[in-house]
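> In my numbering, the protein residues as written are 13 to 233.
Structure, rendered in structure tokens:
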């Protein structure tokens, strides 16, 4: 049977001092060993089935890792939490937020916000400070439905001018993710058209978006 102490040390080293129960069991640690560690204070529960090592720094990175471990395989830091990782100054304060593939179902524990997405492609995934996170372009598309025009404008301009993600990349992500009912898409398209004058996209971002949505909704001319 695997050593609890050694397994926790190895896993927690890459996860800001956190570890999931399922990870320990998968490594061959016995359930009784995990329970004894919890009862003895050698592991401290953060979320259901997610623990932290006593003495590890309790900082934002640890909170994000704990949320990812709660959400499980395929989870990424997203929305406002992702914007903070990308150091966008225009981001609003928000609870820790992660996104998981739509095929998975999870019951939260009242802690982090967990979104489910039907489309979470490799192009939407990145890594920041060792954490799986939505790409800058996907992050902006996700936030478009929650932000006012003024704040979204500031966010998109900031990301473009600091070199994090170009207008054209945001536009491509918006069109790839377009679907009927996606909030904020029209506003984002309008802003991209305003910023670029259509120069960085093959045609008007808003016109392209509307055409995509009509096609996906199977609406004829």
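Using N, Cα and C, we set each Cβ at its ideal position, and we do this for glycine too.
Report the rounded CA-to-CA distance for residue 34 versus residue 69, giving the unit in angstroms.
Straight-line Cα distance between these residues: approximately 22 Å.
> Report the rounded CA-to-CA distance for residue 125 versus residue 29, giving the unit in angstroms.
Answer to the nearest angstrom: the Cα atoms are 21 Å apart.
> Indicate whether residue 60 and residue 78 have their beta-carbon atoms separated by less than 8 Å.
Result no, Cβ atoms of residue 60 and residue 78 do not sit closer than 8 Å.
> Using CA atoms only, rank isn't needed, just tell me which of 137, 128, 142 and 204 is closest to residue 187.
That would be 204, whose Cα lies nearest to the Cα of residue 187.
> Using three-state DSSP, classify residue 46 as helix, strand or coil.
Looking at residue 46 - three-state DSSP - the assignment turns out to be helix.
> Using only alpha-carbon positions, find the residue among 150, 41, 167 and 158 that is nearest to residue 89.
Among 150, 41, 167 and 158, the Cα nearest to that of residue 89 is on 150.
> For residue 148, tell me which candidate among 174, 27, 128 and 130 has the shortest Cα-Cα distance.
With distances taken between Cα atoms, residue 148 lies closest to 174.
> For residue 70, does the three-state DSSP call read helix, strand or coil?
Reduced to three states, the DSSP call for residue 70 is coil.
> State the DSSP-derived secondary structure class of residue 93, mapped to helix, strand or coil.
Helix at residue 93.
> By the DSSP assignment, the beta strand (DSSP E) with residue 115 in it spans what residues?
Careful: residue 115 lies outside any beta strand (DSSP E) and carries neither H nor E.
> On the CB-based measure, 16 or more other CB atoms within 10 Å of its CB, does residue 10 come out buried or exposed?
Given a span of 13 to 233 for the chain in the structure shown, any question on residue 10 remains unanswerable.
> Around the Cβ of residue 161, are there at least 16 other Cβ atoms within 10 angstroms (buried) or fewer (exposed)?
The residue is exposed, with fewer than 16 neighbouring Cβ atoms inside 10 Å.
> To the nearest angstrom, how far is the alpha carbon of residue 136 from that of residue 54?
Near 37 Å, if we compare the C-alpha coordinates of residue 54 and residue 136.
> Provide the residue(s) that pair with residue 126 in DSSP beta bridges, ordered along the chain.
Residue 126 pairs with 110.
> Could you tell me whether the segment 153 to 171 touches the segment 90 to 101, where touching means 3 or more Cβ pairs closer than 8 Å?
Taking 8 Å as the limit for Cβ pairs, the verdict is that the segment 90 to 101 does touch the segment 153 to 171.
> By DSSP, does residue 76 sit in helix, in strand, or in coil?
Correct three-state label for residue 76: helix.
> Taking the continuous beta strand (DSSP E) assigned at residue 146, which residues delimit it?
Run containing residue 146: 143 to 146, per the beta strand (DSSP E) assignment.
> Between residue 96 and the rest of its own chain, which residues show a CB-CB distance below 7 Å, the 5 nearest in sequence each way excluded?
Here the set comprises 103.
> Would DSSP call residue 32 helix, strand or coil?
DSSP places residue 32 in strand when its eight states are reduced to three.
> Check the DSSP bridge columns for residue 160 and list the partner residues they point to.
Per DSSP, none; premise fails for residue 160.
> Excluding sequence positions up to five away, which residues of its chain have a Cβ less than 7 Å from the Cβ of residue 8?
Because residue 8 is not part of the residues shown, which for the chain are 13 to 233, the question remains open.
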